[in-house]
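Numbering (mature numbering (1 follows the signal peptide of the UniProt record, and there is no 0)), first residue to last: -26 to -1, 1 to 351.
Glycine included, every Cβ here is placed at the ideal spot set by N, Cα and C.
Here the structure is laid out as structure tokens; the discussion comes afterwards.
See below:
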């Protein structure tokens, strides 16, 4: 009887502290949480946040399985190794010419990510699906003065002085879809580790164009390199975090090996008043193509961030997160590079006449800040 009364007194004392101050401090771990929080409340990797008391009014929000919906706004800069599109040539003095390559500078562009996760707090397991999408483009231009000329990198010799204006343009499309299962390890301390594995699908598209023209516009040419990779493969990683009350700090790193098809072509277009003399109606269109190839593309991605968890009275949770993330894909972009051209059969500017070309592979990367909001219910 005395034990029952003692337990009832302690319960009343604790509940009175909750309703009076709105805060209960757990003796072990020294974690403070708002009284309207529900038990269990999950942290960034699905771990229960300690020190939470469930009021009687929220008894329907029990510690069952949870679903987390996430939306994120990202500002990502796409990067590639092949963004040089033209060359500015200073041919004088004749014994000592100079060449300055021109490249497109990319910048941060808006992107988005959405995700859905099913959480089992009792055993620390979860299943998560995410999709990240970026569509970004950039441009550049230069003008050669009266003692200079412009041209593509493969056509800048002394006999290639038709063009004075150069323009570069690049367009990237990037999609990353992850499907993974994870497990959380935590010993009740602020530190927690989540290991995960699954599949990743990636689509990476690049279109790089260099355009050149004379001052009067009578002569113009362009070359457009198009590269596309679609691949899927295994992905494994680790996420580690420190939880302090409602704040958390996290880091994540993952790697994947993507198997898929890589496509590439190089298209040329030329405009010249001399085309009619050789029986071609402008523009003169040419191309280099080759069969699609199966490639294995390794990749690594990582992020660092911090989050804030906000429990709600109805038992659901809002979580805000911000940080920085990056990903790199090795040899994901394919490119033709012309190494030698010959003098055309008639005059300059009517087309491209190559002797040899290289098939190159270049890395692709994205990086930038992000902010996200999650709703756990």
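Nearest by alpha-carbon distance to residue i: which of the options is it?
i           : options               : result
residue 222 : 206, 339, 284 and 129 : 284
residue 197 : 57, 270 and 349       : 57
residue 103 : 111, 95, 96 and 87    : 87
residue 82  : 74, 53 and 170        : 53
residue 209 : 60, 293 and 273       : 273
residue 219 : 229, 174 and 280      : 280
residue 306 : 257, 314 and 202      : 202
residue 211 : 290, 95, 98 and 169   : 169
residue 65  : 124, 95 and 271       : 124
residue 334 : 149, 308, 204 and 143 : 308
residue 179 : 111, 118, 129 and 91  : 111
residue 149 : 243, 258, 109 and 165 : 109
residue 106 : 252, 44 and 129       : 44
residue 118 : 342, 74, 314 and 286  : 74
residue 217 : 228, 207 and 165      : 165
residue 278 : 252, 256 and 226      : 226
residue 67  : 132, 296 and 262      : 132
residue 269 : 252, 258, 46 and 206  : 206
residue 51  : 101, 85 and 89        : 85
residue 193 : 252, 246 and 69       : 246
residue 242 : 254, 282, 262 and 286 : 262
residue 282 : 296, 288 and 289      : 296
residue 100 : 46, 42 and 69         : 42
residue 256 : 288, 286 and 195      : 195
For residue i, count neighbouring Cβ atoms within 10 angstroms of its own Cβ and tell me buried if that reaches 16, exposed if not.
i           : result
residue 340 : buried
residue 38  : exposed
residue 12  : For residue 12, the predicted model reports a pLDDT of 31, less than 50, meaning its position is unreliable and no value from the coordinates is stated.
residue 224 : buried
residue 235 : exposed
residue 346 : buried
residue 264 : exposed
residue 332 : exposed
residue 348 : buried
residue 163 : exposed
residue 160 : buried
residue 330 : exposed
residue 19  : For residue 19, the pLDDT reaches just 43, beneath the cut-off of 50, and the residue's location in the model is therefore unreliable, although a value from the coordinates is still provided. Its Cβ being crowded by 16 or more others within 10 Å, residue 19 is buried.
residue 121 : exposed
residue 80  : buried
residue 190 : exposed
residue 156 : buried
residue 253 : exposed
residue -4  : Residue confidence is low: residue -4 scores 34 on pLDDT, short of 50, so the model does not pin down where it sits. No coordinate-derived value is stated.
residue 158 : buried
residue 46  : buried
residue 17  : Because the pLDDT at residue 17 is just 46, under 50, the model does not fix this residue reliably, and the value given afterwards should be weighed accordingly. The residue in question, residue 17, is buried, as its Cβ has 16 or more Cβ neighbours within 10 Å.
residue 90  : exposed
Thinking residue i and residue j are a contact (beta carbons under 8 Å), I'd like their distance in whole angstroms, please.
i           : j           : result
residue 344 : residue 48  : 4 Å
residue 63  : residue 71  : 7 Å
residue 260 : residue 325 : 6 Å
residue 328 : residue 312 : 5 Å
residue 338 : residue 303 : 5 Å
residue 154 : residue 172 : 3 Å
residue 143 : residue 113 : 5 Å
residue 127 : residue 40  : Rounded, the Cβ-Cβ distance is 55 Å, inconsistent with contact.
Check this for me: beta carbons of residue i and residue j, under 8 Å apart or not?
i           : j           : result
residue 336 : residue 55  : yes
residue 240 : residue 199 : yes
residue 138 : residue 188 : yes
residue 76  : residue 60  : yes
residue 291 : residue 233 : no
residue 300 : residue 275 : yes
residue 177 : residue 135 : no
residue 230 : residue 174 : yes
residue 145 : residue 115 : no
residue 167 : residue 214 : yes
residue 315 : residue 181 : no
Just checking: is the beta-carbon of residue i within a distance shorter than 8 Å of some beta-carbon in chain B?
i           : result
residue 325 : Among the chains of the structure shown, chain B does not appear; only one protein chain is present.
In chain order, what are the residue ranges of uninterrupted beta strand (DSSP E) at least 3 long that sit wholly in the region 108 to 132? 123 to 125
Runs of beta strand (DSSP E) lying entirely within the region 269 to 351, each at least 3 residues, in chain order: 291 to 315 and 328 to 350
Which runs of the beta strand (DSSP E) at least 3 residues long sit entirely within the region 163 to 233? Give them in chain order. Runs found: 165 to 187 and 194 to 218.
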